[in-house]
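K.L.:
Residue numbers (my numbering): 6 to 92. Sharing a structure here in structure tokens format.
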Amino acid sequence: MADDVLILKTSGIPLYAKCFGGKTCKAHPDHALQSGFLAALFSYSKETFSESGIKSVIFSGFKLDFKVDEEKELILVFTNPLEENNS
Numbered sequence: 006m007a008d009d010v011l012i013l014k015t016s017g018i019p020l021y022a023k024c025f026g027g028k029t030c031k032a033h034p035d036h037a038l039q040s041g042f043l044a045a046l047f048s049y050s051k052e053t054f055s056e057s058g059i060k061s062v063i064f065s066g067f068k069l070d071f072k073v074d075e076e077k078e079l080i081l082v083f084t085n086p087l088e089e090n091n092s
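Okay, here's the thing in structure tokens:
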């Protein structure tokens, strides 16, 4: 299960954010700033690398998974902790 969930428009407007116990969401509650950055990251990856865009980003200790609904212009971002053996 995801630690945190963000739902945003492809334009970067945040629609929903829920912290399910993840440290990242609680430590950085400015969801408008995060949403803008994540939408820009998705848009950049789509235009530069692949028509389908980014699927995930791995940081030290956690991973962001992206699910996109192009028809509804929505991006869902799930924050998941990395397993000890994957980091």
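Here a beta-carbon is modelled for each residue, glycine too, at the ideal position from N, C-alpha and C. Keep in mind the model is a prediction, meaning the values are calculated, not measured.
Quick one, are the C-beta atoms of D35 and F83 less than 9 Å apart?
P.N.:
Stepping through the sequence shown from its first residue, residue 35 is reached at position 30. Stepping through the sequence shown from its first residue, residue 83 is reached at position 78. Not a contact, by the Cβ cut-off of 9 Å.
K.L.:
Going by DSSP, what residue range makes up the alpha helix (DSSP H) through K51?
P.N.:
Taking the first residue of the sequence shown as position 1, residue 51 is located at position 46. Counting along the chain, the alpha helix (DSSP H) containing K51 begins and ends at 36-53.
K.L.:
To the nearest angstrom, report how far apart G26 and D70 are at their CA atoms.
P.N.:
In the sequence shown, the residue the question calls residue 26 occupies position 21. In the sequence shown, the residue the question calls residue 70 occupies position 65. Taking the straight line from one Cα to the other gives about 17 Å.
K.L.:
Based on the DSSP output, what are the partners of T15 in its beta bridges?
P.N.:
As a first step, residue 15 is located in the sequence shown; it is residue number 10 there, counting from the start. In the DSSP output, where bridge partners are listed per residue, T15 has none listed.
K.L.:
Given a cut-off of 9 Å, decide if K51 and I59 are closer than it, judged by their beta-carbon atoms.
P.N.:
Residue mapping note: residue 59 aligns to position 54 of the sequence shown, counting from 1. Residue mapping note: residue 51 aligns to position 46 of the sequence shown, counting from 1. Yes, they are a contact pair.
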